[in-house]
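Just so you know, the sequence shown maps onto residues 117 to 561 in our numbering. Cβ coordinates follow ideal geometry from the N, Cα and C atoms, glycine included. All remarks here apply to the structure that follows.
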Amino acid sequence: MNHPQKPQSPAYSRRSFLQTTSTLMGAAAIGGLSIERSAHAAGDDTLKLALIGCGGRGSGAADQALSTKFNIKLIAMADAFPDHLNSSLQGLKAKHKDKVAVSEDNKFLGFDAYKNAIALADVVILATPPGFRPIHFEEAVRQGKNIFMEKPVAIDAVGIRRVLAAAEAAKAKNLKIGVGLQRRHQPPYIETIKRLHDGQIGDIVAMRCYWNGATPWVHPREELQKQYGRELTEMEYQMRNWYYFNWLCGDHINEQHIHNLDVINWVKNGYPVSANGMGGVQVRKGKDYGEIFDHHAVEYEYADGSRCASQCRHQVNTWNSVSEAVVGTKGSCQVDRYTIRGENAWRYKSDDEKINPYQQEHDDLWAAIVNNTPYSEAERGAKSTMTSIMGRMATYSGKIVTWEEAMNSKLNLMPDTFTWDTIPKVLPGPDGMYPCAIPGKTVAL
Ligand SMILES: NC(=O)c1ccc[n+]([C@@H]2O[C@H](COP(=O)([O-])OP(=O)(O)OC[C@H]3O[C@@H](n4cnc5c(N)ncnc54)[C@H](O)[C@@H]3O)[C@@H](O)[C@H]2O)c1
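Okay, here's the thing in structure tokens:
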């Protein structure tokens with residue numbers, strides 16, 4: 117089965133902002149000329165945006181980019197599926213009529229769509245399922261574009277290494293890179309963690325973080341076949357249920373819990389040296405739920421010997437908590453409530469608490485692009501993603517996994533090719549059930 121593809125557009129012949137900006141970067145370095153002034157000097161101050169992955173978050177991120185104070189136009193979109201692209205385009209047009217100018221020729225579909233959309237833009241949003249992120253990030257850096265990419269930035273260590281290498285190349289090209297770990301842009305988190313770094317609770321000796329919630333969307337095969345009136349290839353089925361397959365999602369410890377693990381890494385100013393944990397599929401059983409676990413509990417150890425107890429759970433009718441807390445030698449802090457207890461007791465109080473972090477992260481990134489100030493979140497985004505992947509390696513294997521082992525893992529979960537007829541590496545058994553990891557048996561890294 118094949119989805120209709122647009123003919124390749126002569127995108128590469130268009131003016132590339134980054135070709136201009138790399139010249140201008142030289143000028144900026146010499147003469148202090150900002151991109152904004154340079155762009156004016158070039159006679160065109162509109163920044164061209166392309167959206168790659170037009171689902172919920174990609175559409176949200178494009179909305180936020182277009183809601184900044186800068187002169188931005190969405191001019192290209194790419195998605196695996198036409199229905200996703202079109203409904204995203206409709207929504208964005210309804211909200212930003214004058215800032216959305218995506219011609220039919222600039223709508224790209226399928227697995228190679230990203231290349232064409234990237235070529236047309238000055239800045240790209242990468243918001244597909246995270247399995248594709250290393251490929252798309254690498255290409256956007258190769259083409260010299262500024263980038264906002266959603267978290268997580270990979271699903272295995274092979275992908276992480278690609279992202280880290282591309283991040284270095286991006287720095288050398290003076291590209292601005294934002295990663296969707298929006299708590300890093302939230303004023304109350306920033307102030308709370310600054311206080312922790314200033315020693316307000318002394319040395320931080322114990323941490324915990326949770327993402328315990330309900331279960332996300334699922335699209336049963338029969339429902340999809342009814343909806344589209346045809347059989348789906350296994351590839352299309354998995355793509356439409358990307359959450360439940362590790363090559364696309366990396367399990368929910370990677371997809372959601374990364375936010376909380378990133379906060380702990382931020383508090384600790386570092387990354388864990390090892391992890392051990394347990395998890396499994398206890399409640400969310402059945403052929404609709406792919407191969408991921410419904411719970412993980414991981415203990416991470418940091419270089420100073422302090423430990424972080426992490427939990428993430430997808431089980432309905434259970435206790436929910438999305439939170440981070442830490443204990444120090446002089447007090448404690450409920451980080452997600454911006455509250456310190458102990459001799460320096462304190463609570464964040466400001467209207468800034470209401471600032472939308474999804475908007476703020478775009479305000480910050482686009483200001484850096486326009487003003488040509490350094491902006492590089494790729495390395496820390498990759499290392500926090502690696503933290504969650506290391507947790508999955510620990511729960512799947514049932515063994516202690518060190519950072520070094522995790523980072524050097526050769527396990528490559530991605531398919532070798534991407535077509536609608538590609539056979540993914542994980543397939544259902546005769547009963548329709550996908551194999552899940554078995555601690556003690558599964559090779560998880
Ligand atoms: N920062 C946050 O708080 C936050 C919140 C939600 C989602 N996210 C992240 O955003 C990303 C997307 O999540 P979502 O909820 O928008 O998912 P989604 O399923 O709504 O959207 C993903 C889109 O990508 C498209 N796609 C898949 N493979 C593609 C490919 N190879 N090329 C082009 N398009 C492709 C899909 O068809 C879909 O339209 C994930 O990494 C997720 O973790 C972040």
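{"Check": "As a quick exercise: from I271, D532, V542 and D479, pick the residue whose alpha carbon is nearest that of M523.", "Outcome": "I271"}
{"Check": "Short of 6 Å in beta carbon distance, which residues of its chain neighbour G318, apart from the five on each side in sequence? Order them along the chain.", "Outcome": "G444, T445 and K446"}
{"Check": "Which one of P332, N528, P336 and T535 has the shortest CA to CA distance from G410?", "Outcome": "Note on identity: in this sequence residue 410 is Asp, with Gly being the wrong assignment. With distances taken between Cα atoms, D410 lies closest to P332."}
{"Check": "Can you find the residues in the same chain that come closer than 6 Å, C-beta to C-beta, to P555, ignoring five residues on each side of it along the sequence?", "Outcome": "G514"}
{"Check": "Answer yes or no: the CB of K267 versus the heavy atoms of ligand 1, is any distance below 8 Å?", "Outcome": "yes"}
{"Check": "Kindly examine ligand 1 and report whether one of its heavy atoms sits closer than 8 Å to the Cβ of F197.", "Outcome": "yes"}
{"Check": "Taking only runs that begin and end inside the region 163-245, name each unbroken alpha helix (DSSP H) of 4 or more residues, in chain order.", "Outcome": "172-182, 198-211 and 229-236"}
{"Check": "Give the list of continuous alpha helix (DSSP H) stretches no shorter than 4 residues that lie fully inside the region 283-370.", "Outcome": "303-313, 337-344 and 350-356"}
{"Check": "Kindly provide the ranges of any alpha helix (DSSP H) runs that are 4 or more residues long and lie completely inside the region 439-494, ordered along the chain.", "Outcome": "473-487"}
{"Check": "Where do the N-terminal and C-terminal ends of the alpha helix (DSSP H) with M523 fall, by residue?", "Outcome": "W519 to M523"}
{"Check": "Under 7 Å Cβ to Cβ from T538, same chain only, skipping five residues before and after it: list those, please.", "Outcome": "M351 and P531"}
{"Check": "If you compare alpha carbons, which of T518, W536, E520 and K541 is closest to N528?", "Outcome": "K541"}
{"Check": "Consider the C-beta atom of L297 and the heavy atoms of ligand 1; say whether any pair is separated by less than 8 Å.", "Outcome": "yes"}
{"Check": "Quick one: what's M265 bridged to in DSSP?", "Outcome": "L242 and V295"}
{"Check": "Do I369 and G395 come within 9 Å of each other at the CB atom, strictly closer than that value?", "Outcome": "yes"}
{"Check": "Here's the rule I'm using: 16 or more other beta-carbon atoms within 10 Å means buried, otherwise exposed. How should I168 be labelled?", "Outcome": "buried"}
{"Check": "Hey, could you find the ends of the alpha helix (DSSP H) G256 is sitting in?", "Outcome": "At residue 256 the sequence reads Ala, which differs from the Gly that was named. That run of the alpha helix (DSSP H) goes R249 to R258."}
{"Check": "Would the beta-carbon of D474 be found less than 8 Å away from any heavy atom of ligand 1?", "Outcome": "Residue identity differs from the one stated: residue 474 is Tyr in this sequence, not Asp. Yes - ligand 1 has a heavy atom lying nearer than 8 Å to the Cβ of Y474."}
{"Check": "Taking the straight line between their C-alpha atoms, what separation do you get for N436 and A330?", "Outcome": "8 Å"}
{"Check": "Where DSSP assigns a beta bridge to H375, which residues make up the other side?", "Outcome": "For H375, which the question treats as bridged, DSSP gives no partner whatsoever."}
{"Check": "With a CB to CB cut of under 8 Å and the five nearest residues on each side skipped, what residues in its chain are close to P546?", "Outcome": "none"}
{"Check": "When you compare each of L280, E469 and G260 to P105 by their alpha carbons, which one comes out closest?", "Outcome": "Past the edges of the chain, shown from 117 to 561, lies residue 105, and the structure says nothing about it."}
{"Check": "One question on the structure: do V218 and P246 come within less than 9 Å of each other, judged by their Cβ atoms?", "Outcome": "no"}
{"Check": "Candidates L242, Q427, A192 and L312: which alpha carbon is nearest Q372's?", "Outcome": "Q427"}
{"Check": "Determine the closest residue to F186 out of M549, V399, R429 and D480, with distance taken between C-alpha atoms.", "Outcome": "D480"}
{"Check": "Please classify P551: is it buried, with 16 or more other beta-carbons within 10 angstroms of its beta-carbon, or exposed?", "Outcome": "exposed"}
{"Check": "Which of helix, strand or coil does DSSP assign to S504?", "Outcome": "helix"}
{"Check": "Going by CA-CA distance only, name the one from H212, G497, Y512 and Y474 that's closest to R278.", "Outcome": "G497"}
{"Check": "Short of 6 Å in beta carbon distance, which residues of its chain neighbour R324, apart from the five on each side in sequence? Order them along the chain.", "Outcome": "A425 and A441"}
{"Check": "In angstroms, rounded to a whole number, what distance separates the CA positions of L201 and G172?", "Outcome": "11 Å"}
{"Check": "Got a sec, what are the start and stop residues for the beta strand (DSSP E) C552 sits in?", "Outcome": "C552 -> no beta strand (DSSP E), and no H or E assigned at all."}
{"Check": "Considering Cα atoms alone, identify which of E338, R457, E284 and L182 is closest to I241.", "Outcome": "L182"}
{"Check": "Which same chain residues end up closer than 6 Å to I263 when comparing Cβ atoms and leaving out the 5 residues on each side of it in sequence?", "Outcome": "V240, A256 and I293"}
{"Check": "Where G147 and A288 are concerned, what is the direct C-alpha to C-alpha distance, given to the nearest angstrom?", "Outcome": "In this predicted model, G147 has a pLDDT of only 25, less than 50, meaning its place in the structure is not dependable enough to derive any value."}
{"Check": "Is it the case that the CB of G172 approaches a heavy atom of ligand 1 more closely than 8 Å?", "Outcome": "yes"}
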